[in-house]
Amino acid sequence: MLRPVVVGLDGSPESFTAANWAAREAQRRGLPLHLVHAWLWQTGDLPAADSEDTMRHWARRILRDGEKELSGRYPDLPLTAEQVTTTAVTALLERAEGAEMLVLGSRGLSALTGFLLGSVGHQVLARATCPVVMVRANERSAAERPGDEIVVALQDLTEAPGPLLDFAFAAASARGATLRAVHVRKLPSSDYGYGLATAPVGYLDGDLESQVNRELETALEPWREKYPRVTVERTIDLAFVAGAVLRATAQAGLLVVGRRTHRSVPGTHIGPVTHAVLHHSTVPVAVVPHD
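The opening residue of the sequence shown carries number 1 in UniProt numbering; numbering runs sequentially from there.
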């Protein structure tokens, strides 16, 4: 049975942008799309709504509008919709259990940079068992450009996470896109400051660069064999991870980062690199859980 692409729909412009992104991704991968709208009546939620029946009406309308728009744009896409009477976090996490990926919309911090993560987005990112894709309501998300790359961030090459690479290669394969694997050797913060700083020019000498290139090629080899038609480019940097990864997304249509599931209390942490990337990225970001 095919695992669906699940998207949370709450009626906001960003959630409809996310739904369209999810529909394109489902169609590319030959997967069904499942829309979810979670609604839990609480007195005082919306002053303009005079009754629970009114709230139910608007909840149903959100799903109907979403189904109508997506069915018109993607008539051959298998599409289902579900209204759930529970909290958004609970509904999304439950459906993530059987999903290929979960797609959520996010408002931008500004017109140029970053995602604004609310409580729902943060909790789902930190706890979901499937990849979560955050999509902004901006031009880079709404209209994909020919030649857009898939960028995947790899930190520890000694144990490159399979789920992360599998997701990134599958995304590149579905689009016929180039995959750019970015590996960064972190700098000591005491030497070069903090945040998105970069290393001095020439800091990465030839011997070290050759060694890291070999390690990166070894880490990628099993997936290059699995996806032989995917063109792979490599970027090696010596800097703070988030800054180097973001610089590599200038021609990207999707950025793929990992989230370790065993290094923190479950459901509380998405990791500093993922947090920084989400704060500054202008392209959709897929967060892939792995051991």
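Think of the CB as a built atom: it goes at the ideal place given N, C-alpha and C, for glycine as much as any other residue. The model shown is predicted, which means the values in this text are computed figures rather than measured ones.
Check                                                                                                  : Outcome
Run of the alpha helix (DSSP H) containing E25, from where it starts to where it stops                 : P13 to R29
Endpoints, the alpha helix (DSSP H) within which A126 is located                                       : S119 to R127
Straight-line Cα distance separating L157 from R180                                                    : 15 Å
CA nearest to the CA of T282, picked from H122, S119 and A252                                          : A252
Rounded straight-line distance, which links the Cα of D65 to that of A38                               : 15 Å
C-alpha distance - P131 paired with L238, whole-angstrom precision                                     : 27 Å
Same chain only: Cβ atoms within 6 Å of residue 336, ignoring 5 sequence neighbours per side           : No statement about residue 336 is possible, as the shown extent of the chain runs from 1 to 291 and does not include it.
6 Å Cβ shell around A219 - same chain, five flanking residues per side excluded                        : L157 and A160
Proximity to R260 [Cα-Cα], best of P272, A250 and T249                                                 : P272
8 Å Cβ shell around T80 - same chain, five flanking residues per side excluded                         : P4, P32, L33, H34 and L35
Bounding residues of the alpha helix (DSSP H) (the contiguous stretch that carries T90)                : A88 to A96
CB of V257 within 7 Å of CB of I236, strictly                                                          : no
Neighbourhood of R28 by C-beta, 6 Å cutoff - its chain only, sequence neighbours within 5 removed      : A174
Collapsed DSSP secondary structure at residue 336 in the structure displayed                           : There is no way to answer for residue 336, as the model of the chain reaches only from 1 to 291.
Closest by C-alpha distance to T90, when choosing among A128, W58 and I62                              : A128
G11 beta carbon less than 7 Å from that of L92                                                         : no
Buried versus exposed call for T17 [16 or more other C-beta atoms within 10 Å across all chains shown] : buried
Sequence-distant residues of its chain with Cβ nearer than 8 Å to R145 (five each side left out)       : G253
Spatial distance of H122 from A276 (CA atoms)                                                          : 13 Å
Three-way DSSP call (helix, strand, coil) for M101 in this model                                       : strand
Neighbourhood of W21 by C-beta, 7 Å cutoff - its chain only, sequence neighbours within 5 removed      : V103, V135, S141 and P284
CB contact flag (L77, A19, <7 Å)                                                                       : no
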